[in-house]
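A.B. asks: Residue numbers (UniProt numbering): 1 to 465.
Ideal Cβ placement from N, Cα and C applies to all residues, glycine included.
My questions will all concern the structure given below.
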Amino acid sequence: MFEKKVYLQRRAALKSKINSGILLFLGNEESPMNYKDNTYHFRQDSTFLYYFGISEPSLGAIIDLDEDQVILFGDEMGIDDIVWMGRKKTLEEKSLDAGLTKVLPYVQLNTYLKQYLDKSRAVHFLPPYRSENKIKLANWLNLPIDQLKEKASVSLIRAVVAQRSIKSVEEIEELDLAAARSADIHLMVMQQAKPGMYERDLAAKIQGAALASGGNLAYPVILTVRGEILHNHYHGNQLQEGQLVLNDSGVETALGYAGDLTRTFPVGKKFTAEQKDVYDIVLNAYTHAKDMLAPGVRYLDVHLASCKMLAQGLKDIGLMKGNIDDAVQAGAHAMFFQCGTGHMMGLDVHDMEDLGEQYVGYTDELTKNTTQFGLKSLRLGKALETGYVLTVEPGVYIIPELIDRWKAANQFAEFINYEKLEQFRNFTGIRVEDDFLVTENGSRMLGKHLAITTDEIETVRSEAY
Numbered sequence: 001m002f003e004k005k006v007y008l009q010r011r012a013a014l015k016s017k018i019n020s021g022i023l024l025f026l027g028n029e030e031s032p033m034n035y036k037d038n039t040y041h042f043r044q045d046s047t048f049l050y051y052f053g054i055s056e057p058s059l060g061a062i063i064d065l066d067e068d069q070v071i072l073f074g075d076e077m078g079i080d081d082i083v084w085m086g087r088k089k090t091l092e093e094k095s096l097d098a099g100l101t102k103v104l105p106y107v108q109l110n111t112y113l114k115q116y117l118d119k120s121r122a123v124h125f126l127p128p129y130r131s132e133n134k135i136k137l138a139n140w141l142n143l144p145i146d147q148l149k150e151k152a153s154v155s156l157i158r159a160v161v162a163q164r165s166i167k168s169v170e171e172i173e174e175l176d177l178a179a180a181r182s183a184d185i186h187l188m189v190m191q192q193a194k195p196g197m198y199e200r201d202l203a204a205k206i207q208g209a210a211l212a213s214g215g216n217l218a219y220p221v222i223l224t225v226r227g228e229i230l231h232n233h234y235h236g237n238q239l240q241e242g243q244l245v246l247n248d249s250g251v252e253t254a255l256g257y258a259g260d261l262t263r264t265f266p267v268g269k270k271f272t273a274e275q276k277d278v279y280d281i282v283l284n285a286y287t288h289a290k291d292m293l294a295p296g297v298r299y300l301d302v303h304l305a306s307c308k309m310l311a312q313g314l315k316d317i318g319l320m321k322g323n324i325d326d327a328v329q330a331g332a333h334a335m336f337f338q339c340g341t342g343h344m345m346g347l348d349v350h351d352m353e354d355l356g357e358q359y360v361g362y363t364d365e366l367t368k369n370t371t372q373f374g375l376k377s378l379r380l381g382k383a384l385e386t387g388y389v390l391t392v393e394p395g396v397y398i399i400p401e402l403i404d405r406w407k408a409a410n411q412f413a414e415f416i417n418y419e420k421l422e423q424f425r426n427f428t429g430i431r432v433e434d435d436f437l438v439t440e441n442g443s444r445m446l447g448k449h450l451a452i453t454t455d456e457i458e459t460v461r462s463e464a465y
């Protein structure tokens with residue numbers, strides 16, 4: 001946990017943004033894999049962590065704005081729990097660490113909520129994403145489960161997003177640590193990968209190193225020779241000379257802050273000429289995008305500029321044609337780049353995504369209302385502010401099924417050279433990604449430098465295995 005004053009200040013800042021009522025926060029429960037006592041790794045709800053700091057299952061909290069009190073609801077461990085699981089601190093001790101002085105049994109949370117509802121007091125809650133919390137909220141608040149999202153408090157969502165978006169000094173230290181540890185692990189993978197290994201061999205090394213760092217994985221490892229599959233979690237392929245390895249992985253610190261890095265490197269010692277050409281196109285788009293980062297710059301414009309850099313590079317090698325501005329406006333570049341250039345980051349690798357993309361990445365003036373393939377997947381479009389942390393991650397992904405569909409429909413034939421594209425049909429994909437903090441005058445990369453140019457990567461690979 002951070003120092004007690006951090007949580008006191010965070011809660012005080014939140015209380016100043018909403019006039020009256022009850023702010024309700026639910027922590028997460030243990031989630032069984034196949035029977036009750038065999039659970040997945042526990043991860044506390046990020047907003048609960050942000051305001052209360054306690055990473056323990058079966059907790060809830062309320063901030064009563066009218067009576068100016070904060071109550072934590074949870075149960076001390078019984079002797080059976082202590083025998084089987086052990087403990088380092090009591091719940092009371094943990095609550096004091098977070099500046100909380102009133103702790104009640106968890107069962108009383110429902111009683112308190114009923115009292116508030118009986119008095120017609122507003123209960124503000126965030127949209128739940130866990131099934132168990134959806135069921136509890138529906139029962140406690142007398143709401144149909146399918147109405148919980150629309151009944152969630154917009155004023156609370158906006159207040160939380162505004163506060164969590166601007167990272168404090170303590171948070172930046174954690175995010176720097178997460179990015180640096182992630183870079184170390186990426187370098188280790190780049191040094192140890194070799195032909196004949198399986199993807200799972202490298203994925204296991206990443207998970208082991210994440211645990212050894214004192215934290216955990218920030219998200220499931222994407223380690224694949226099929227880099228055209230954007231979130232590929234299959235690890236059964238064997239690495240072969242001539243292939244590319246795409247490694248998208250990151251460490252989460254003990255306090256829950258995420259790193260999110262991607263590098264693509266050859267299974268052998270060197271890139272092929274084609275691989276180098278496409279890699280440099282992606283790297284140029286990455287460099288252009290990161291150099292644009294500054295307060296007041298819309299990330300939508302960063303994304304579109306990155307897309308134009310990708311499209312121009314692809315035109316230069318014959319895969320695209322025609323007017324690049326027109327091609328990007330029409331969405332033709334999405335044959336090669338189907339997602340967004342980046343997203344907010346913090347306690348969540350896609351920060352606050354559970355609170356709603358429109359609230360986190362857009363504004364009332366800049367709404368996310370496009371259905372255009374590719375652009376609809378851009379999670380962040382609004383103007384950047386000092387203190388934002390985000391990723392920059394352009395890529396080129398050549399998906400055979402997408403080629404077949406668009407080619408059969410003669411879609412964007414004025415912008416895509418389908419004859420040339422057939423020669424790249426089995427190319428797979430390349431992504432480059434780092435994490436950035438928006439500063440007063442621009443931005444800085446978090447963590448440490450990790451080999452990124454083809455020359456740097458080939459130098460690492462020349463000394464590998």
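1) Could you compute how far the alpha carbon of Ile317 sits from the alpha carbon of Glu170?
2) Report yes if the CB atom of Leu293 is closer than 8 Å to the CB atom of Ser443, and no otherwise.
3) Just to confirm, are Tyr257 and Ala183 a CB contact at a threshold of 8 Å?
4) To which residues of the same chain is Asn133 closer than 6 Å at the C-beta, ignoring the five residues directly before and after it?
5) How would you call His350, buried or exposed, if buried means at least 16 neighbouring beta carbons within 10 angstroms?
6) To the nearest angstrom, how far is it from the Cα of Gln163 to the Cα of Tyr388?
7) Shortest alpha-carbon distance to Arg11 belongs to which of Lys36, Arg405 and Gly53?
8) How close, in whole Å, do the beta carbons of Ile457 and Ala451 come, if the pair is a contact with beta carbons under 8 Å?
9) Inspect the CB distances between the stretch 246–263 and the stretch 207–219 and report whether three or more fall short of 8 Å.
10) Using the Cα positions of Phe2 and Phe415, report the straight-line distance between them to the nearest angstrom.
11) Could you tell me if the beta carbon of Asp81 falls within a distance shorter than 7 Å of some heavy atom in the ligand NAP?
12) Grouping DSSP H, G and I as helix and E and B as strand, with all else coil, what is Ile54?
13) Given this structure, state the Cα-to-Cα distance separating Leu24 from Ala13, to the nearest angstrom.
14) Over what stretch of residues does the beta strand (DSSP E) that includes His124 continue unbroken?
15) Going by DSSP, which residues form a beta bridge with Val297?
16) Quick check on this structure: which residue in Pro128, Ile135 and Ser168 has the alpha carbon closest to the alpha carbon of Ile157?
17) Relative to the alpha-carbon of Val103, which residue among Leu217, Val70 and Asp146 has its alpha-carbon at the smallest distance?
18) State the beta-bridge partners of Met320 as determined by DSSP.
19) Strictly by DSSP, which residues pair up with Arg444?
20) Output the boundary residues of the alpha helix (DSSP H) element that contains Asn142.
C.D. replies: For this structure:
1) Here residue 317 refers to the residue found at position 317 when the sequence shown is read from its first residue. Here residue 170 refers to the residue found at position 170 when the sequence shown is read from its first residue. Cα to Cα, the separation comes out at about 45 Å.
2) Locating residue 293 in the sequence shown gives position 293, counting from the first residue. Locating residue 443 in the sequence shown gives position 443, counting from the first residue. Going by C-beta atoms, Leu293 is nearer than 8 Å to Ser443.
3) Position 257 of the sequence shown, counting from 1, holds the residue named residue 257. Position 183 of the sequence shown, counting from 1, holds the residue named residue 183. Not a contact, by the Cβ cut-off of 8 Å.
4) In the sequence shown, residue 133 corresponds to position 133, counting from 1. Within the same chain, Asn133 has close Cβ partners Leu26.
5) Locating residue 350 in the sequence shown gives position 350, where the first residue counts as 1. Buried, by the Cβ-count rule.
6) Position 163 of the sequence shown, counted from the start, is the residue given in the question as residue 163. Position 388 of the sequence shown, counted from the start, is the residue given in the question as residue 388. Going by the C-alpha atoms only, they are around 11 Å apart.
7) Looking up residue 11 in the sequence shown gives position 11. Answer by Cα proximity: Gly53.
8) As a working note, residue 457 is residue 457 in the sequence shown. As a working note, residue 451 is residue 451 in the sequence shown. Sure, about 5 Å apart at Cβ, within 8 Å.
9) yes
10) Translated into positions along the sequence shown, residue 2 becomes position 2. Translated into positions along the sequence shown, residue 415 becomes position 415. One C-alpha to the other measures close to 53 Å.
11) No copy of the ligand NAP appears in this structure; indeed no ligand is present at all.
12) Against the sequence shown, residue 54 aligns to sequence position 54. In this structure, Ile54 counts as coil in the three-state DSSP scheme.
13) Within the sequence shown, residue 24 is the residue found at index 24, counting from 1. Within the sequence shown, residue 13 is the residue found at index 13, counting from 1. Going by the C-alpha atoms only, they are around 16 Å apart.
14) By one-based count along the sequence shown, residue 124 stands at place 124. His124 -> beta strand (DSSP E) spans Val123 to Phe125.
15) Along the sequence shown, one-based indexing puts residue 297 at 297. Beta-bridge pairing links Val297 to no other residue.
16) Sequence index remark: in the sequence shown, residue 157 carries index 157 (1-based). Residue Pro128 is the option with its Cα nearest to Ile157.
17) Mapped onto the sequence shown, residue 103 falls at position 103. Residue Val70 is the option with its Cα nearest to Val103.
18) Residue numbering aside, residue 320 sits at position 320 when the sequence shown is read from its first letter. Ile416.
19) Your numbering for residue 444 matches position 444 in the sequence shown. Beta-bridge pairing links Arg444 to Leu437.
20) Locating residue 142 in the sequence shown gives position 142, where the first residue counts as 1. No alpha helix (DSSP H) holds Asn142; DSSP gives it neither H nor E.
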